[in-house]
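Written out below as structure tokens is the structure these notes cover.
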Amino acid sequence: CNSKGIMIFVIIFAVLWNAISLPVLFAVPSALRTQQYGILIALLFPLVGCCLAAWAWRLVHRYRRFGRSALRLNSIPFQPGGFIDTTLRLPPQVYDAERLELTLNCMRRKTTGSGDDRRTNVSPLWQRRFQLGRGDLLAAGAEGLLIKLLLPDDARETTTQGGGDGVFWQLNASAKLPGVDYSAQFE
70 CNSKGIMIFV
80 IIFAVLWNAI
90 SLPVLFAVPS
100 ALRTQQYGIL
110 IALLFPLVGC
120 CLAAWAWRLV
130 HRYRRFGRSA
140 LRLNSIPFQP
150 GGFIDTTLRL
160 PPQVYDAERL
170 ELTLNCMRRK
180 TTGSGDDRRT
190 NVSPLWQRRF
200 QLGRGDLLAA
210 GAEGLLIKLL
220 LPDDARETTT
230 QGGGDGVFWQ
240 LNASAKLPGV
250 DYSAQFE
């Protein structure tokens, strides 16, 4: 789960965005005095900067509260029609949730073009949602939450590693909690 890397990226992006868009706020009063109302459109940039700052704050708060989660694969490789046997190590606060929502996704990543024309498209091939109730969470052992998920017979095998093109599997975990909600993603 690379929540720290995403958090750092969003913080840097928000700081840069706000540093670039901040001068707009100083230009608005003088432009309005000369009746140049088109400058009001430029206020969208600081508004987006505020949203980015709020997102960064939320990610920092989530990371400080929950830290990193870990997913251990108990059996490899996975076969279509077989089981994914994993152990999910959750922060202690998550065990107090009413339920934990899990989403298992089979995704295809395809990159086209090159240079400035390079585009990466990620599309879902298969998805299954699971919910674990409070009783399931309380029954978790010291090693973490044991999860055994059945793959469909027509499931696709992983054909990519390290973010390249191909098919990959992803597990998302989330829980509603007081304050900041828990959320983690594993590939």
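Going letter by letter, the sequence shown gives residues 70 to 256 in our numbering.
Glycine included, every Cβ here is placed at the ideal spot set by N, Cα and C.
DSSP state of Ala-166, grouped into three classes?
-> By 1-based counting over the sequence shown, the position of residue 166 is 97. Looking at Ala-166 - three-state DSSP - the assignment turns out to be coil, as it is neither helix nor strand.
How many angstroms separate the CA atom of Val-257 from the CA atom of Ala-88?
-> What the structure shows of the chain is the stretch from 70 to 256, and residue 257 is not part of that stretch, so it cannot be assessed.
Leaving out five residues before and five after Ile-153 in sequence, what residues of the same chain have Cβ atoms less than 6 Å from its Cβ?
-> Here residue 153 corresponds to residue number 84 of the sequence shown, with the count starting at 1. Once the five neighbours on either side are set aside, the close Cβ partners of Ile-153 are Phe-147, Leu-218.
Extent of the continuous alpha helix (DSSP H) to which Arg-131 belongs | Working through the sequence shown from its first residue, we reach residue 131 at position 62. Per DSSP, the unbroken alpha helix (DSSP H) holding Arg-131 starts and ends at 113 to 135.
Whole-angstrom distance between Leu-116 and Val-79, CA atom to CA atom | One-based indexing of the sequence shown puts residue 79 at position 10. One-based indexing of the sequence shown puts residue 116 at position 47. Approximately 16 Å between the Cα atoms of the pair.
Bridge partner(s) assigned by DSSP for Met-176 | Residue mapping note: residue 176 aligns to position 107 of the sequence shown, counting from 1. Pro-193, Phe-237, per the DSSP bridge assignment.
Give the secondary structure of Ile-145 by DSSP, where H, G and I count as helix, E and B as strand, and everything else as coil.
-> Here residue 145 is taken as the residue at index 76 of the sequence shown, counted from 1. The answer is coil: DSSP assigns Ile-145 none of H, G, I, E or B.
Return the CA-CA distance between Val-93 and Cys-119, expressed in angstroms with no decimal places.
-> As a first step, residue 93 must be located in the sequence shown, where it is residue number 24. As a first step, residue 119 must be located in the sequence shown, where it is residue number 50. Going from the Cα of Val-93 to the Cα of Cys-119 covers about 13 Å.
Using a threshold of 8 Å, state whether the C-beta atoms of Arg-168 and Ala-244 are closer than that.
-> For this step, residue 168 is matched to residue 99 along the sequence shown. For this step, residue 244 is matched to residue 175 along the sequence shown. A contact, by the Cβ cut-off of 8 Å.
Leu-257: first and last residue of the uninterrupted beta strand (DSSP E) it sits in = Nothing in the structure corresponds to residue 257, since the chain is present only between 70 and 256.
Three or more C-beta pairs below 8 Å linking the stretch 176 to 194 and the stretch 234 to 252 = Contact holds: three or more Cβ-Cβ distances are below 8 Å.
Opening and closing residue of the alpha helix (DSSP H) in which Arg-203 lies | Indexing the sequence shown from 1 puts residue 203 at position 134. Segment 203 to 207, the alpha helix (DSSP H) holding Arg-203.
Using the Cα positions of Ala-100 and Tyr-106, report the straight-line distance between them to the nearest angstrom.
-> For this step, residue 100 is matched to residue 31 along the sequence shown. For this step, residue 106 is matched to residue 37 along the sequence shown. Straight through space, the alpha carbons of Tyr-106 and Ala-100 are spaced by roughly 7 Å.
Tell whether a beta-carbon distance below 8 Å holds between Leu-157 and Leu-173.
-> For the purposes of this step, residue 157 is identified with residue 88 of the sequence shown, where counting begins at 1. For the purposes of this step, residue 173 is identified with residue 104 of the sequence shown, where counting begins at 1. Cβ distance not < 8 Å, so Leu-157 and Leu-173 don't count as in contact.
Reference Thr-228; option with closest CA among Glu-256, Thr-155, Arg-102, Asn-241 = The residue you call residue 228 lines up with position 159 of the sequence shown. For Thr-228, the nearest C-alpha among the options comes from Glu-256.
Rounded to a whole number of angstroms, what is the C-alpha to C-alpha distance between Arg-137 and Leu-121?
-> The residue labelled residue 137 in the question sits at position 68 within the sequence shown. The residue labelled residue 121 in the question sits at position 52 within the sequence shown. Spanning the two alpha carbons is a distance of roughly 22 Å.
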